[in-house]
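One structure below.
In my numbering, the protein residues as written are 70 to 509.
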């Protein structure tokens, strides 16, 4: 039997007669595949590849039309994506809050939005209730990551358009319009880093209508998607992208525009003083009160996961491809049957956790696939199926060298190129760990 305690994981053999308490794996960085709630299911019949793959590989399970439970693998991906988003927002000085799921209808009546309620009223009322006399207190940036719901008449395509979903929304408050525009630019830059740099996505920022939110400026972030959930138009001359069916200036005289199917994953707005005036969010003395200038920003977290899987998947090779930063685990360790109880397994997990811990990922996690009823090859395929791109195998070479300098098989893939896992060679423990950490 093998158990792992704290930061040091010690192999304990049952035949030695040593009795140990079962560890609380939920509090540890090492997870055993045999204990995961992850039973593959038959994929639903749908055009959405993300829905097929997420259901088939036990990331999500439908509970009702347009509503899905996140299973452990799906929750891990969502949690890691949320951490990526929140780390960037923290970096620009934003502060996290949690607001109630429900609120008094009087708030929305004061802005005339009771038929289409959003969170702007509640956060503006929250800010307005706090006196912040110093100009140094601005800009004030507040965000939350929370479940939302809508009365979606036609839920479809799983996490792409559901009745319940997770969203990160940020609200900013400035003293002047110029400051609000600077804040808008700063948060937009953070969105670019999240989507383009951290996740490696091809996104298109297009001017859009402000809709029920109102305001003076709005942009949407789109990804190409063949499900025709939304659309962009691209100038055939200069490749500039626009929101489809929205009025805009011609960029190239005489050029035509081509329609491109897409999915919206984020939206940004400059709202002005509408909410501040209605809900008494002011700055200054009683005689010189000025309404705060507001912006709001939103990223659909669950939708983004589905959209990026759609973007990285083809019908010919339907397989989940995830950026390294949001894969369920940072690495997978697969031991052969004869090495399943060997201290080498724990030593490898320890070394990986130590090497993979970074400022951006201080708590890495390792999956040990201890399902010995499956061959090593089947377990490598299973790791690939859930989007893992870094695998260490303790196989025949390890068995041959276990009493001298153990050698391990390293399997990696390039997620951004949608590669399959490939064996890169056999190496000793330090080399294996270093090479795995370098493969991102």
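Think of the CB as a built atom: it goes at the ideal place given N, C-alpha and C, for glycine as much as any other residue. None of these values were measured; they are calculated from a predicted model.
**Request:** Pick out whichever of 458, 221, 189 and 183 has its Cα sitting closest to the Cα of residue 488.
**Result:** 458
**Asked** DSSP puts residue 234 in a beta bridge; with which residues?
**Response** 217
**Item:** Close Cβ partners of residue 290 (< 6 Å) along its chain, the five nearest in sequence each way excluded
**Value:** 272, 274, 334 and 335
**Request:** For residue 470, I'd like the list of residues in its chain whose CB is within less than 6 Å of its CB, leaving aside the five on either flank, ordered along the chain.
**Result:** 476
**Prompt:** When DSSP labels each residue in this structure, what does residue 458 get in the three-state scheme?
**Reply:** coil
**Prompt:** Under the three-state reduction of DSSP, which class applies to residue 489: helix, strand or coil?
**Reply:** coil
**Message:** Could you tell me the alpha carbon to alpha carbon distance between residue 133 and residue 142, rounded to whole angstroms?
**Reply:** 20 Å
**Cut-off 7 Å between Cβ atoms - residues of its own chain near residue 393, not counting five sequence neighbours on either side** = 458, 484 and 509
**Request:** Give me the Cα-Cα distance between residue 396 and residue 431, rounded to the nearest whole angstrom.
**Result:** 15 Å
**Asked** Of all the options 379, 216, 426 and 492, which has the alpha carbon lying nearest to the alpha carbon of residue 297?
**Response** 379
**Distance between beta carbons of residue 236 and residue 367, contact taken as under 8 Å** = 6 Å
**Asked** Residue range of the beta strand (DSSP E) that residue 300 falls in?
**Response** 299-304
**Asked** Would you call the CB atoms of residue 140 and residue 131 closer than 8 Å?
**Response** no
**Request:** Give every residue of the same chain whose Cβ lies closer than 8 Å to the Cβ of residue 560, excluding the five residues on either side of it in the sequence, and list them in chain order.
**Result:** This structure gives no information on residue 560, because the portion of the chain shown stretches from 70 to 509.
**Request:** Apply the 10 Å Cβ neighbour rule to residue 495 and answer buried if 16 or more other Cβ atoms are within range, or exposed otherwise.
**Result:** buried
**Sequence ranges, beta strand (DSSP E) only - wholly within the region 106-191, length at least 3** = 129-133 and 136-139
**Message:** Can you look up residue 343 in the DSSP assignment and give me helix, strand or coil?
**Reply:** helix
**Request:** Specify the secondary structure class of residue 207 as computed by DSSP and reduced to three states.
**Result:** coil
**Prompt:** In the region 352-377, which residue ranges form an unbroken beta strand (DSSP E) of at least 3 residues, counting only runs that do not cross its ends?
**Reply:** 362-369
**Item:** The alpha helix (DSSP H) enclosing residue 250, as first and last residue numbers
**Value:** 246-261
**residue 326 - partner residues in DSSP beta bridges** = 304
**DSSP state of residue 404 mapped onto helix, strand, coil** = strand
**Request:** Would you identify the three-state DSSP class for residue 92, choosing helix, strand or coil?
**Result:** The pLDDT assigned to residue 92 is 38, lower than 50, so where the model puts this residue is not dependable; a value taken from the coordinates is nonetheless given after this. Residue 92 falls in the coil class under three-state DSSP.
**Message:** For residue 426, tell me which candidate among 138, 239, 104 and 505 has the shortest Cα-Cα distance.
**Reply:** 505
**Prompt:** When DSSP labels each residue in this structure, what does residue 84 get in the three-state scheme?
**Reply:** Only weak support is given to the placement of residue 84: the predicted model assigns it a pLDDT of 37, under 50, and the value that follows is read from those uncertain coordinates. It is helical.
**Prompt:** residue 242 bridges to which residues according to DSSP?
**Reply:** 209 and 363
**Prompt:** So, is residue 285 buried or exposed, given that buried needs 16 or more other C-beta atoms within 10 angstroms?
**Reply:** exposed
**Request:** Look up residue 436 in the DSSP assignment and say whether it is helix, strand or coil.
**Result:** strand
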